[in-house]
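Protein chains in written order, with our numbering: chain Z, 1 to 258; chain G, 259 to 583. Idealized CB from N, CA, C, for every residue including glycine. Quick caveat: nothing in here was measured; it's all calculated off a predicted structure.
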Ligand SMILES: Cc1cc2nc3c(=O)[nH]c(=O)nc-3n(C[C@H](O)[C@H](O)[C@H](O)COP(=O)(O)OP(=O)(O)OC[C@H]3O[C@@H](n4cnc5c(N)ncnc54)[C@H](O)[C@@H]3O)c2cc1C
Ligand SMILES: Nc1ncnc2c1ncn2[C@@H]1O[C@H](COP(=O)(O)O)[C@@H](O)[C@H]1O
C-alpha cells in the first residue's frame, strides 16, 4: 500500500485568538499538527505495519510547516514533502485542494490511499478531502471512524445522524479521519532522532506548474470578529426543589424556550 | 434563483433541509429573486409536493438509478448537471453528515468556492455575505464568494424553518445522467442505532452530562429528563465518552458534534473551551454544577449551583409541570 497523508499546521485548540485587520494574529500562538490529521497519520502507519508499503506525508504551507512533517516522520512516516505556499490563510478549500491534487499528479505517483483529517481545526472548513477526491476523480469516505483495507477496496464506517454508514470504495480512494478511528502513538526518542536525519524536500507552486498568483482564492474576507461574549446569567442556589421550580419558571416566562 | 438541496432520509425530507430552503427563500426575497428546491434520488418525485408546500417556486427532480444509494460521486454529477442547466445564483446545502460530504464535492466539480457550516447569511450592498464560526467559535468569519454559483452549507437548527407557503411550486424533471462506471464508491448499508434516538445535532433540547456524573448509571437521570421534551437528545463531554459511560456519537465539542438547540443543559460539565466549541451557539444554556467557579457558569444563561444528583430529579418534576401548564 502506497499511502499519502495530508497534514496541516494549525494553532492548538487552547489558543486564545486575537484579530488584527481581518486576520488572526499569529504571534503568541502555539502551532501543532491538526489533531484529526494525527489520526490520519496513525491510520496510515497501522495499515503499513499490517500490509507493507510506504507512508508519505505532505503539507501545504510556509517553511514553518516542516515542523509538522518532522513530527509525522518521528511517528514513523517514511517520506515528507513540503509544498511551499506563501499565501496567508485564504479560507478557500478549493485553492488548497487544487494544490494538493496537482502535487499528487506530479510528485506523488502511485498512491493507493489518500488520507486526510476530517477538518483542519482553526478554519474548520471540512472541504479539502472531498474537493481533492473530485479533482482527482477518486471516490471518498469522509468523517471515518473505522477503516478496513482489502485487496483493491476500502470499507469505511462514517457517522451520520442517528447511525453509521458503511461506505465501500474501490482504491485508489480518499478517506478523512474522525476521532475514534484510532489512538495516535507518541513519537519515540529513536523516532525523533531518525526524523532529524531525514530530508524534508520542498516543491514550489511554480514547480507544480502554477503561474504567478495561481491558484487564486475565490473567497473574499469582509469581516473577522470575536463573537460577543455570552453574558454570565443568573445562578440559583439553595433548596434543590425550590431552585428547580424557579429555573422552570424562568425558562418558561423569561427565556420562553419551554 | 437560489436553490436549496433537500436531503432525503428514510423517504422523508429532513427538517434541516427545510430550514435550508426557508433561508434560500428569505435571501432570494432580499435579492428580488426566487427560491427553488432540488431533490435527487432514484425515485423521489413523490416528495416534490412537500418541497413545493415549503415554498419552493420550482422543484427540480433529478432521478437516475445510479442515485438509489447515496454516493458523493454520483450525486455530485447530478447536482453539477442541475447547476449547468439552470445557472442558479447560489446553491445551499444543509451542513449535515451528507451535506458536508457532498457540498465540497459539487463545489470542486463546478470549480467554485464553498462557505461551509454558515450560521448567518445576509445580503449587503446587493451581495450575499456568509458568516461562519472559525477557531471552534472563537472567531466569526464573514466572506463573499467571487465564484458562481455561490455554494454554502448551513448549520442545522440555526436558521428558522419559516412558515409554510402555498404550494405553487412547478415541478421540473431532469435526467441526472450519471455515466456508467463513474461511481467508484457508495453507501452499502446504513446501520441504525438500536435505540431510535434523535441525534444531538437534530434535537431542540440537549441534556448533556460530564465527569460530574461519576459513572454510566447517572445518564439514566439525564435520559429521564430528556424524555419529557418532544425532540430531545442526550449529549456528553469528552471525559464522559472517553470513560466509556456513553457512546462517542453523543460527544459535543471540538472533536465531537456541534449543536445549536433551543435549550442546552450542561450537567456536571466544567465548560472547557473544547466543550464550549460545540454548544455555544445554543439559544439558551443552563448549567447544573456544584462548583461556583466552574467556567460553564460564565456562558450559561441560567445555572443551578448544587449537587446534580439532587437537582436533576427535581428539575425533571418542575419542568414537566411547567410544560403542562
Ligand atoms: C484537542 C482536544 C479536543 C477536545 N475535544 C473535546 C470535545 O469535543 N468535547 C469535550 O467535552 N471535551 C473535549 N476536550 C476535553 C476538554 O478539554 C475537557 O477535558 C472536558 O470537556 C472535561 O469534561 P467534563 O466537563 O465532563 O469534566 P471535568 O472538567 O472534570 O468537569 C466535571 C464537572 O462536574 C462538576 N461536578 C462534579 N460532581 C458534581 C455533582 N455531584 N453535582 C454537580 N456538579 C458536579 C465539577 O464541579 C466539574 O465542573 C478536548 C480536549 C483537547 C485537548
Ligand atoms: N495546507 C494544508 N496542507 C496539507 N493538508 C491540508 C491543508 N489544508 C487542509 N488539509 C487537509 O485537509 C483536511 C481538511 O481540511 P479543511 O477542509 O481545511 O478543514 C485537513 O485535516 C488536512 O488533512
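CB-CB under 6 Å to residue i, same chain, minus the five flanking residues each way: which ones, in chain order?
{"i": "residue 5 of chain Z", "result": "40, 41, 44, 57 and 115"}
{"i": "residue 70 of chain Z", "result": "195"}
{"i": "residue 133 of chain Z", "result": "140 and 174"}
{"i": "residue 198 of chain Z", "result": "73"}
{"i": "residue 363 of chain G", "result": "330 and 334"}
{"i": "residue 221 of chain Z", "result": "22"}
{"i": "residue 215 of chain Z", "result": "95 and 98"}
{"i": "residue 33 of chain Z", "result": "7, 68 and 71"}
With a cut-off of 9 Å, does the C-beta of residue i fall near any C-beta of chain G?
{"i": "residue 112 of chain Z", "result": "no"}
{"i": "residue 63 of chain Z", "result": "no"}
{"i": "residue 258 of chain Z", "result": "yes"}
{"i": "residue 115 of chain Z", "result": "no"}
{"i": "residue 131 of chain Z", "result": "yes"}
{"i": "residue 159 of chain Z", "result": "yes"}
{"i": "residue 40 of chain Z", "result": "no"}
{"i": "residue 100 of chain Z", "result": "no"}
{"i": "residue 220 of chain Z", "result": "yes"}
{"i": "residue 126 of chain Z", "result": "yes"}
{"i": "residue 21 of chain Z", "result": "no"}
Please decide whether residue i counts as near chain Z, where near means a Cβ-Cβ distance under 9 Å.
{"i": "residue 527 of chain G", "result": "no"}
{"i": "residue 533 of chain G", "result": "no"}
{"i": "residue 393 of chain G", "result": "yes"}
{"i": "residue 407 of chain G", "result": "no"}
{"i": "residue 506 of chain G", "result": "yes"}
{"i": "residue 465 of chain G", "result": "no"}
{"i": "residue 329 of chain G", "result": "yes"}
{"i": "residue 333 of chain G", "result": "no"}
{"i": "residue 513 of chain G", "result": "yes"}
{"i": "residue 260 of chain G", "result": "no"}
{"i": "residue 555 of chain G", "result": "yes"}
{"i": "residue 432 of chain G", "result": "no"}
{"i": "residue 318 of chain G", "result": "no"}
Report all residues from its chain with a CB closer than 7 Å to the CB of residue i; omit the five preceding and five following residues, and keep chain order.
{"i": "residue 66 of chain Z", "result": "82 and 200"}
{"i": "residue 143 of chain Z", "result": "118, 158, 159, 176 and 178"}
{"i": "residue 301 of chain G", "result": "321"}
Who are the near neighbours of residue i in its chain, counting only those whose CB is closer than 8 Å to its CB and skipping five residues on each side?
{"i": "residue 208 of chain Z", "result": "83, 99, 102, 103, 106 and 107"}
{"i": "residue 397 of chain G", "result": "391"}
Three-state secondary structure (DSSP) at residue i?
{"i": "residue 418 of chain G", "result": "coil"}
{"i": "residue 412 of chain G", "result": "strand"}
{"i": "residue 380 of chain G", "result": "strand"}
{"i": "residue 521 of chain G", "result": "strand"}
{"i": "residue 147 of chain Z", "result": "strand"}
{"i": "residue 372 of chain G", "result": "strand"}
{"i": "residue 513 of chain G", "result": "coil"}
{"i": "residue 288 of chain G", "result": "helix"}
{"i": "residue 36 of chain Z", "result": "helix"}
{"i": "residue 351 of chain G", "result": "strand"}
{"i": "residue 333 of chain G", "result": "helix"}
{"i": "residue 85 of chain Z", "result": "coil"}
{"i": "residue 21 of chain Z", "result": "coil"}
{"i": "residue 260 of chain Z", "result": "No answer is possible for residue 260 of chain Z: the residues shown for chain Z start at 1 and end at 258."}
{"i": "residue 139 of chain Z", "result": "coil"}
Taking C-beta to C-beta, are residue i and residue j nearer than 9 Å?
{"i": "residue 483 of chain G", "j": "residue 523 of chain G", "result": "yes"}
{"i": "residue 546 of chain G", "j": "residue 559 of chain G", "result": "no"}
{"i": "residue 516 of chain G", "j": "residue 498 of chain G", "result": "no"}
{"i": "residue 296 of chain G", "j": "residue 318 of chain G", "result": "yes"}
{"i": "residue 235 of chain Z", "j": "residue 289 of chain G", "result": "no"}
{"i": "residue 3 of chain Z", "j": "residue 54 of chain Z", "result": "yes"}
{"i": "residue 350 of chain G", "j": "residue 261 of chain G", "result": "yes"}
{"i": "residue 399 of chain G", "j": "residue 223 of chain Z", "result": "yes"}
{"i": "residue 63 of chain Z", "j": "residue 202 of chain Z", "result": "yes"}
{"i": "residue 320 of chain G", "j": "residue 305 of chain G", "result": "no"}
{"i": "residue 415 of chain G", "j": "residue 518 of chain G", "result": "yes"}
{"i": "residue 9 of chain Z", "j": "residue 576 of chain G", "result": "no"}
{"i": "residue 294 of chain G", "j": "residue 344 of chain G", "result": "yes"}
{"i": "residue 530 of chain G", "j": "residue 501 of chain G", "result": "no"}
{"i": "residue 135 of chain Z", "j": "residue 372 of chain G", "result": "no"}
Within the chosen definition, does the region 507 to 517 of chain G reach the region 449 to 465 of chain G through at least 3 CB pairs nearer than 8 Å?
-> Touching, yes.
Should the region 385 to 404 of chain G be called in touch with the region 154 to 167 of chain Z, which here means at least 3 C-beta pairs below 8 Å?
-> Proximity of the region 385 to 404 of chain G to the region 154 to 167 of chain Z falls short of the contact definition, fewer than three beta-carbon pairs being nearer than 8 Å.
Is the region 273 to 284 of chain G touching the region 305 to 314 of chain G, taking contact as three or more C-beta pairs under 8 Å?
-> Output reads yes: the region 305 to 314 of chain G touches the region 273 to 284 of chain G.
Cβ contact check for the region 461 to 480 of chain G and the region 339 to 358 of chain G: 3 or more pairs under 8 Å = No, the region 461 to 480 of chain G does not touch the region 339 to 358 of chain G.
Per the contact definition of three or more C-beta pairs closer than 8 Å, is the region 8 to 22 of chain Z in contact with the region 110 to 124 of chain Z?
-> The region 110 to 124 of chain Z is in contact with the region 8 to 22 of chain Z.
Within the chosen definition, does the region 551 to 571 of chain G reach the region 264 to 278 of chain G through at least 3 CB pairs nearer than 8 Å?
-> Because the criterion of three Cβ pairs below 8 Å is not met, the region 551 to 571 of chain G and the region 264 to 278 of chain G do not touch.
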